[in-house]
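The block underneath contains the structure these notes are about, expressed in structure tokens.
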Amino acid sequence: MLLSALLFGIGNSAVRWASTVMDPLEVVFFRNLFSLLWMLPWALTAGMPACRSVLAERRLVPYVTRALTSLCAMAGWFYAIAHIPLPTATSVSFAIPLFVTAGAALILGERVRLRRWAAVCAGFAGVVIVLRPGAAPVDLAFLALFVHCLAAAVTVLQMRMLSRRDNALVIVTFLGLLVTPMALVPALFVWTWPSWSMLGALALLGGVLTLGQLAMTKALSLAESSAMMPYDYARLPFTALVAWLAFGQTMDAWGWMGALVIAGSALYTMHRDAVDERKAASRATRTVAG
């Protein structure tokens with residue numbers, strides 16, 4: 105998970121740099137294109153039977169809807185980090201688990217107790233501390249960041265449903281197959297041909313972010329998410345270091361304070377999720393034994 109955090113920190117910094125050379129929408133397209141190319145050898149060999157079963161059983165619609173929300177999440181994130189300091193955007197993105205909790209209650213009908221709602225409210229208070237409305241104008245970049253958090257939370261909920269039938273590699277492969285042509289459409293409106301050196305950099309970007317996804321998937325397969333996800337918060341110091349070295353970007357004391365509030369709230373939410381899951385499993389075991 106620490107490797108995943110490091111790779112995402114490097115990848116996000118590369119996205120920031122690429123977005124100064126070409127439009128973020130075009131970066132989204134090439135990121136997905138090269139990620140798909142990195143995954144293609146697996147999809148054409150070991151993953152072919154699993155991918156074929158999705159098509160045979162006509163289970164493609166949930167993948168299409170997830171691809172649409174993933175495209176919104178990526179477009180919002182890439183636009184945001186092209187205009188907002190990376191440490192600030194990363195801090196706000198830690199609120200995604202809080203959006204997931206709210207969405208699980210409002211969309212999936214899951215029961216969320218008062219303590220978890222309190223953690224959600226505290227986390228959003230942390231977002232306010234980071235952004236400090238009035239300290240800087242709330243422009244399109246901040247709205248794009250909000251869209252990213254909302255859409256990313258929806259993709260997590262969709263992943264929960266898809267992972268009941270298919271493994272993570274199948275899900276990631278279909279995501280690339282569907283998002284790449286979707287991302288091409290808006291990219292055509294701002295299209296400029298990248299140089300060969302830029303294409304090489306974008307290929308490396310796609311590889312780094314794909315490795316980050318696979319590292320996170322592997323970590324979550326080895327241990328409970330409640331045990332692994334706290335390490336994801338290492339993205340902030342990694343990102344802050346790379347952003348400082350590459351772009352001279354820093355975050356003030358208020359930003360770090362808000363990030364701690366957001367991270368603490370999200371960690372508490374994940375802890376309560378793990379406790380509830382263990383209690384449910386224990387009740388199910390007692391029922392079977394009885």
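Residue numbering for the sequence shown follows our numbering, beginning at 105 and increasing consecutively. C-beta atoms are modelled at their ideal positions from N, C-alpha and C, and glycine is treated no differently.
If I'm right that Val131 touches Phe182 with Cβ under 8 Å, what's the distance once you round it to whole angstroms? 6 Å
Can you name the start and end residues of the alpha helix (DSSP H) that Met263 belongs to? Leu244 to Leu266
How many whole angstroms separate the CB atoms of Leu249 and Ala184, which I take to be in contact at a CB cut-off of 8 Å? 4 Å
If you compare alpha carbons, which of Ser267, His187, Leu148 and Val232 is closest to Leu281? Leu148
Between Arg135, Thr205, Leu110 and Trp295, which lies nearest to Val119 when the distance is taken from Cα to Cα? Arg135
Do Leu190 and Ser123 come within 8 Å of each other at the CB atom, strictly closer than that value? No, the pair does not count as a contact, with Cβ atoms beyond the cut-off.
Please state whether DSSP places Ile211 in a helix, a strand or coil. coil
Do Ala208 and Val224 have their C-beta atoms closer together than 8 Å? no
Phe112 - containing alpha helix (DSSP H), residue span: The continuous alpha helix (DSSP H) containing Phe112 extends over residues Leu106 to Val125.
Quick check on the burial criterion: 16 or more other C-beta atoms within 10 angstroms. Buried or exposed for Met265? Flag for Met265 reads exposed.
Taking 7 Å as the limit between beta carbons, can you name the residues of its chain near Cys176, skipping five residues before and five after? Val251 and Ala255
Could you check the C-alpha separation between Pro290 and Val165 for me, to the nearest Å? Each residue's Cα considered, the two are about 22 Å apart.
Cβ distance (whole Å) where Ile188 is taken to contact Ala245 below 8 Å: Contact flag correct, Cβ pair sits at about 5 Å.
Here's the rule: buried if 16 or more other CB atoms are within 10 angstroms of the residue's CB, otherwise exposed. What is Met203? Reading off the sequence shown, one finds Phe at residue 203, where the question assumed Met. Within 10 angstroms of the beta-carbon of Phe203 lie 16 or more other beta-carbons, which makes it buried.
Just the Cα atoms here: how many angstroms apart are Thr284 and Gln353? A straight-line Cα-Cα distance of about 31 Å links Thr284 and Gln353.
On the DSSP letters alone, give me the boundaries of the alpha helix (DSSP H) that Val196 sits inside. Leu190 to Ser197
Would you kindly report the start and end of the unbroken alpha helix (DSSP H) that includes Thr173? Leu164 to His187
Can you give me the C-alpha to C-alpha distance between Met357 and Ile366, rounded to a whole angstrom? In the sequence on display, residue 357 carries Ala and not Met. One C-alpha to the other measures close to 14 Å.
Three-state class that DSSP yields for Pro285 in the structure shown: helix
Take Val125 as the anchor and find which of Ala305, Phe342 and Val379 has the nearest alpha-carbon. Ala305
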